[in-house]
Amino acid sequence: MDKQQLKQIIDRCHQRGQRVAVHFCSHVPEEVLTAAGFAVIRLTHLEDVADISPRALPGNLCPVVKECYSICEDPVLKDVDLILTESSCDGKKKMYELITPQEKLWYYQVAQGSDRAYVAPLIRSELGYLIRMLQDRFGAQVTEEGLREAARQANAERESVMELMALQKAEPPAVWGAQLYEAWRTAQANPTCEERTAAYRQQRERLASAEHTVPADAKRILLTGCPLGGVYRKVLQAVEENDGVVVCFENCELAKSSVRHTDTEAEDLVGALAECYRNTACAIMAPNDLRFALLLRLAEEYRVDGILDLTLQTCHAYTVERDKLSRFCRQHDLPYMAVETSAGDSDVGQLKTRIAAFLEML
Amino acid sequence: MSISLPEHFSEFAEARQQGFLAVKELKESGKKVCGTFCQYTPAEIILAAGLYSVGLCGKSAAPIKTAETRLPANLCPLIKASYGHALEDSCPYAYFSDIVVGETTCDGKKKMYELLGELKPMQVIHLPNLPDYERSLDMWITELRAFTRGLEEFTGEEITEDKLNEAIEWCNKERVQAARIYELGKYDPPAITGTHMRDVMEGEQYIFDRHRKYEKLKEILDQCEADWHAGQGPFAPDPCRPRIIISGAGLGGVAEKTVNVLEELGGAIVCYEGCSGISSRRRLVSEDRSRDPIVRIAEKYIEVPCAVVSPNTRRMEQVADTIDEWKADGVVSLTLHSCNPFAIETENIRRVCQRKGIPLLHIETDFTPGDEGQIRTRIEAYLEMIRKKKEEALYG
Ligand code: SF4
Ligand code: SF4
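In the order they appear, the protein sequences are chains A and B.
Throughout the first sequence, residue numbering follows this note's numbering, covering 980 to 1341 in sequence.
Throughout the second sequence, residue numbering follows this note's numbering, covering 104 to 499 in sequence.
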C-alpha cells in the first residue's frame, strides 16, 4: 500500500459513512473496532512515506518504530478518526508519546506475558476501557451481539490467512514466498474484515492455479522474528535467489496473529476475546513459550528444512530471545540461523552471503 | 568540628568494595540475601520477608564480553554487565544472592531475566505498561501479591500485615531522609555536590545495617547544613554557576565521566530526576494501617517515574516542577547505548525544557572508555553557554 491508496481507502470508507481506525500491532483487538462500526487498517508498512524520524527519534531504533512514527506524523493520516496505539515494545510505546497532536490517539495497554493471573483480567478490562472510549468519543455503540459477530468475522479472516499460507504445505510449495507475501499484502490492504477475508480467498484461488515454478529441491524455510515491514523484499530475495523458498511466515503479519482464535460460542465473550489475545506468540511476552510451541508445530506442518530468525536493529525483545530460540531449535534438530537487518539497502550483499551460507549447509 | 566530612562520604563511596565482606558475613550468620535491579522492586516486601537486599545493576565493562556469548552486542551495557556477572560469577553480590528479583521494565531487561532465571532462583514482577491508577492498579496489586507469596514460599515464613506495616514505616523514614539529600541541592550555592549525592545513593545499597546507615547519613546531612550556614559549603558563592539536573537511569557505570566532569568544569548538580531521583523519594507509602498494606505499596510504586511506562505524563510534570523548584538552568539526560525507553523519552524531556526556556544536553554513553574527551568537550560548551546566558541576564 502507498499513500495514494491509503487516502483512497480512507475516503471510500468515509463516503460510505464509516469511521476509520488505524493501528500497528497484532495485540490490538480489532473486533471491538469492527463491532463499533469502524473500518480497521493495520498499517504494517506504507510504501512511500517520508522518513521524518530523525526529527525526534534516536537513529539506532528499529525501522518499524521509525516508520510508524513517520506514518503517524504524515498528513495522510489527517483524516483518520482514530489511531490506536499499544504498549507492545519499548520503542513503539515511547514513540507514540511524541506524536503531535495526541488527540486522535488511544493508548491500549498490552500485558507483558501470557502465563500470569493478571493477564486475562487486564485484557478484559482494557477491552472495557476501549469500548467506553468509543462510546464517549464517537457515540459508537458496541453490543454483545455486534461483538460476537465481529469475533466471528475476525476468526474467518484469520482462517483465510492460514489457508492462504497453507498453499505452501505442498511439495514443492505452490509459489515463491515473495509471491505469497505480495498476495497477502494486496489483500491485507482492504479496510474491513469481510473485504479482507474475501480478498485472501481470492488470492488463494489465484495462486493455487498459478504456474508452479518452485523446484522440488528448494530448501523449505520458515521465517520467524520481527515484523517484516519494509525489509521483506530484500530478505525474501536473499532466501529465494539462493535455492531457498519461504514456506511459512511465523511472524506478526501472518501466522502469529492468524493462529489465534476466539470461541464465539462462549457465554463469556469478552473472556473468550481475552483468551484469544493472551495467545499472542510475541517476544514482548516474557516468557514467550507460545512462540516456541508454535514454531515447532509449524515446522512440522510445513516440513521445513531450516528456521531463519530475522531481527531488526535494537529490537531487544526479539534479539535477546534469539539465544533461547537457537537452543530450542538445536534441541529439536531444527537448523537455525539469525540475521539482523534494518531499513535501506546497505546490507543487501551481506544478507545474501549469510543466508546463502546457511542454505548451503542445509 | 567533631566529625570530618570526607571520611563519612568516603564510607559511602567505598561501600561497594567494603560491602563484599559485609555480605559474606551476613551469609555466614545465616541471613538470606535478595538481589534487586530496579526502583520498582518494593523494598517493603523484601524487608518484611526478612531478607537483605542488594543492588545488582552492572556498572563495569569487564563481564560484557562473557555476556555477549548469549546476548546481542547491541544491547544496553547495564543489562549485559548484570547478566555477565551472573554468568561468570564475577560479582560477589550476585554470587551471594539467594534469590533475585527482576521486573518487566525495559524489553532488554525483561528478556534477559528469562536467561538469568536459568542461573539463579528468580522472581519476576510484571509491571503495568500504563501508569494509571484506574486502569492498572488491579493488575499491579495482583503481581505484588504474587511476589509476596513467592517470597513466603522461598523463606518458608509468612509475611504478616504487621511486618509489612513496620517495613512501610521504616522505608518511609529512609525516603524522607533520602529526599533531604536532594533538598541540600536547593541551597544557593548548593550545600552538597552532586558527586557526593551520588556516592551516598550508590553506596547506601551496600550497607546492610539499616539503622547504622540511617544514623551515619543523618550525621552527614546535618553536617552539610551546618557547614553551609557557617559559610563552609562545598561551593563558593557564584551567581552564574550553572545549576544542573541530571536525568536518566542506571548511571552507576558512567557517573565518573559525566557527573564528576560536570562539577569539575564548574557546574553544580542540584538534583537528580529519574528512578532514583527526587520524585520517588518524596511520595511516601500511606501509613494508614486500616487499609491493606499491599494496596498501599502498589499505589506508591505505580508512580515510579521510569521511562518504561507510557504515556508518561506524570514524569513530564515532575520534570517541569523539579526545574522550577531547584531553579535549574539546564537538564542533562544521561542514557546508555541502545536504551530505547530513555533515549526516546529524552525527546519529550527536551520539549519540557523548551517550554521552560532552558537547554537540554543528551549524552549517550556506555561503560567502555574512549568517549571521555568528546563528552568533556560537549559538557564544557554546554556549561559555557549557560554561564554566558546567566551573566547576560545578571549584568546585561
Ligand atoms: S520489531 Fe521489535 S522493536 Fe520493532 S516494532 Fe516490532 S517489537 Fe518493536
Ligand atoms: S538503561 Fe535502559 S535499556 Fe538499560 S536497563 Fe535501564 S531502561 Fe533498560
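Using N, Cα and C, we set each Cβ at its ideal position, and we do this for glycine too.
Note that the structure is a prediction, hence the values are computed from the model and not measured.
Q.
Can you check which of these residues, B/ILE271, B/GLU448, B/PRO340, is closest to B/PRO293 by C-alpha distance?
A. Here residue 293 of chain B is taken as the residue at index 190 of the second sequence, counted from 1. Measuring from the Cα of B/PRO293, the nearest candidate turns out to be B/PRO340.
Q: Just the chain A side, please: which residues come within less than 9 Å of B/HIS229 by C-beta, in chain order?
A: The sequence position of residue 229 of chain B within the second sequence is 126, counting from 1. Here the neighbours are ALA1090, GLN1091, GLY1092, ARG1095, TYR1097, VAL1098, ALA1265.
**Q.** Proximal residues of chain B, C-beta to C-beta of A/PRO1314 below 7 Å
**A.** The residue you call residue 1314 of chain A lines up with position 335 of the first sequence. Residues of chain B passing the Cβ test: none, with the nearest at roughly 20 Å.
Q) Are A/VAL1210 and A/THR1320 touching if we call contact CB-CB under 8 Å? A) Position 231 of the first sequence, counted from the start, is the residue given in the question as residue 1210 of chain A. Position 341 of the first sequence, counted from the start, is the residue given in the question as residue 1320 of chain A. For A/VAL1210 and A/THR1320, yes; Cβs fall inside 8 Å.
Q: Express the C-alpha separation of A/TYR1315 and A/ILE1334 in angstroms, rounding to a whole number.
A: Looking up residue 1334 of chain A in the first sequence gives position 355. Looking up residue 1315 of chain A in the first sequence gives position 336. For A/ILE1334 and A/TYR1315, the distance between alpha carbons rounds to 11 Å.
(Q) I believe B/CYS343 touches B/ARG490 by the beta-carbon criterion, under 8 Å. Please report the beta-carbon distance rounded to the nearest angstrom. (A) Against the second sequence, residue 343 of chain B aligns to sequence position 240. Against the second sequence, residue 490 of chain B aligns to sequence position 387. Correct: roughly 5 Å between the Cβ atoms.
(Q) Is B/LEU181 near ligand 2 - that is, is its Cβ less than 7 Å away from at least one heavy atom of it? (A) The count along the second sequence starts at 1 and reaches residue 181 of chain B at position 78. For ligand 2, at least one heavy atom lies less than 7 Å from the Cβ of B/LEU181.
Q. If you scan the region 1202-1256 of chain A from start to end, which runs of the beta strand (DSSP E) of 3 or more residues do you find wholly inside it?
A. 1223-1229
(Q) Spatial neighbours of B/TYR485 within its chain, please: C-beta separation below 6 Å, excluding the five flanking residues on both sides. (A) The count along the second sequence starts at 1 and reaches residue 485 of chain B at position 382. Excluding sequence neighbours, B/TYR485 sits near LEU464.
Q. Rounded C-beta distance between B/GLU191 and B/THR169? I'm assuming under 8 Å.
A. Residue numbering aside, residue 191 of chain B sits at position 88 when the second sequence is read from its first letter. Residue numbering aside, residue 169 of chain B sits at position 66 when the second sequence is read from its first letter. Between B/THR169 and B/GLU191 the Cβ distance is about 5 Å, and since that is below 8 Å, they are a contact.
Q: Report buried or exposed for B/VAL279, applying the criterion of at least 16 other Cβ atoms within 10 angstroms of its Cβ.
A: Mapped onto the second sequence, residue 279 of chain B falls at position 176. With fewer than 16 Cβ atoms within 10 Å of its Cβ, B/VAL279 is classed as exposed.
Q) Which residue comes first and which comes last in the alpha helix (DSSP H) that contains A/ILE1031? A) In the first sequence, residue 1031 of chain A corresponds to position 52, counting from 1. No alpha helix (DSSP H) holds A/ILE1031; DSSP gives it neither H nor E.
Q. Counting contacts by CB-CB distance shorter than 8 Å, is B/GLY460 in contact with chain A?
A. Reading the second sequence from its first residue, position 357 is the one you call residue 460 of chain B. So, not an interface residue.
(Q) Short of 7 Å in beta carbon distance, which residues of its chain neighbour B/LEU129, apart from the five on each side in sequence? Order them along the chain. (A) One-based indexing of the second sequence puts residue 129 of chain B at position 26. Closer than 7 Å at Cβ, skipping near neighbours: VAL136, TYR155, PHE311.
**Q.** Residue interval of the alpha helix (DSSP H) (run including B/MET300)
**A.** Looking up residue 300 of chain B in the second sequence gives position 197. Note, B/MET300: alpha helix (DSSP H), 297-306.
Q. Applying a beta-carbon distance threshold of less than 7 Å, which residues of chain A neighbour B/GLU217?
A. Translated into the one-based positions of the second sequence, residue 217 of chain B becomes position 114. Simply ALA1265, PRO1266, LYS1303.
Q) A/SER1093: buried (16+ other C-beta within 10 angstroms of its C-beta) or exposed? A) Along the first sequence, one-based indexing puts residue 1093 of chain A at 114. Counting Cβ neighbours within 10 Å, A/SER1093 comes out buried, since at least 16 surround it.
Q: To the nearest angstrom, report how far apart B/ARG346 and B/ARG283 are at their CA atoms.
A: Within the second sequence, residue 346 of chain B is the residue found at index 243, counting from 1. Within the second sequence, residue 283 of chain B is the residue found at index 180, counting from 1. Whole-angstrom Cα-Cα distance: 18 Å.
Q) Got a sec: does ligand 1 put a non-hydrogen atom nearer than 7 Å to the Cβ of A/ALA1296? A) Working through the first sequence from its first residue, we reach residue 1296 of chain A at position 317. Correct: A/ALA1296 has its Cβ closer than 7 Å to ligand 1.
**Q.** A/LEU1313 versus A/ARG1282: straight-line alpha-carbon distance, rounded
**A.** Here residue 1313 of chain A corresponds to residue number 334 of the first sequence, with the count starting at 1. Here residue 1282 of chain A corresponds to residue number 303 of the first sequence, with the count starting at 1. Cα-Cα distance, rounded: 11 Å.
Q.
Going by beta-carbon coordinates alone, are A/CYS1172 and A/THR1013 separated by less than 8 Å?
A. Indexing the first sequence from 1 puts residue 1172 of chain A at position 193. Indexing the first sequence from 1 puts residue 1013 of chain A at position 34. Cβ atoms of A/CYS1172 and A/THR1013: closer than 8 Å.
Q: Return the residues of the region 1036-1051 of chain A that lie within a Cβ-Cβ distance of less than 9 Å from chain B, sorted by chain order.
A: LEU1036, PRO1037, ASN1039, LEU1040, CYS1041, VAL1044
Q. Smallest Cα separation from A/GLY1016: which of A/ARG995, A/ALA1035, A/VAL1043?
A. Taking the first sequence and counting its residues from 1, the one referred to as residue 1016 of chain A is at position 37. Out of A/ARG995, A/ALA1035, A/VAL1043, A/ARG995 has the C-alpha closest to the C-alpha of A/GLY1016.
Q) Hey, would you say A/TYR1007 sits closer than 8 Å to A/LEU1056, going by beta carbons? A) Along the first sequence, one-based indexing puts residue 1007 of chain A at 28. Along the first sequence, one-based indexing puts residue 1056 of chain A at 77. The amino acid at residue 1007 of chain A is misidentified as Tyr; the sequence shows Val. Not a contact, by the Cβ cut-off of 8 Å.
Q) Do the region 1155-1167 of chain A and the region 1243-1259 of chain A make contact, defined as three or more Cβ pairs closer than 8 Å? A) no
(Q) I want to see whether chain A comes within less than 8 Å of B/ALA184, judged by CB atoms only; does it? (A) One-based indexing of the second sequence puts residue 184 of chain B at position 81. Chain A contact via Cβ: absent.
Q | N- and C-terminal bounds of the beta strand (DSSP E) containing A/GLU1173 | A | Here residue 1173 of chain A is taken as the residue at index 194 of the first sequence, counted from 1. No beta strand (DSSP E) contains A/GLU1173, which is instead part of the alpha helix (DSSP H) from 1172-1187.
**Q.** Neighbour flag for A/MET1074 against chain B, beta carbons, 8 Å
**A.** Here residue 1074 of chain A corresponds to residue number 95 of the first sequence, with the count starting at 1. True, the Cβ-Cβ gap to chain B drops below 8 Å.
Q | Inter-residue CB distance, A/ALA1090 and A/ILE1102 (contact presumed, cutoff 8 Å) | A | For the purposes of this step, residue 1090 of chain A is identified with residue 111 of the first sequence, where counting begins at 1. For the purposes of this step, residue 1102 of chain A is identified with residue 123 of the first sequence, where counting begins at 1. That pair is a contact at about 6 Å.
Q) At least one CB of chain B closer than 8 Å to the CB of A/ASP981: is that the case? A) The residue labelled residue 981 of chain A in the question sits at position 2 within the first sequence. It does not; no Cβ of chain B falls within 8 Å.
Q: Give a single yes or no on whether A/VAL1043 has its beta carbon closer than 7 Å to a heavy atom of ligand 1.
A: Position 64 of the first sequence, counted from the start, is the residue given in the question as residue 1043 of chain A. The answer is yes for A/VAL1043.
Q | Separation of B/ILE244 from B/GLY433, as counted between CA atoms | A | On the second sequence, residue 433 of chain B is found 330 positions in, with the first residue counted as 1. On the second sequence, residue 244 of chain B is found 141 positions in, with the first residue counted as 1. Computed Cα separation, rounded: 37 Å.
Q. Contact between the region 1218-1225 of chain A and the region 1125-1137 of chain A: three or more CB pairs below 8 Å?
A. no
Q. Any contact of the region 1032-1047 of chain A with the region 441-450 of chain B, i.e. 3+ C-beta pairs under 8 Å?
A. yes
(Q) A/MET1340 and A/ALA1234 - do their beta-carbons sit closer together than 8 Å? (A) Within the first sequence, the letter at position 255 stands for residue 1234 of chain A. Within the first sequence, the letter at position 361 stands for residue 1340 of chain A. No; because the gap between Cβ atoms is not below 8 Å, this pair is not in contact.
Q.
Tell me the DSSP secondary structure of A/HIS1311 in three-state form.
A. Translated into positions along the first sequence, residue 1311 of chain A becomes position 332. Reduced to three states, the DSSP call for A/HIS1311 is coil.
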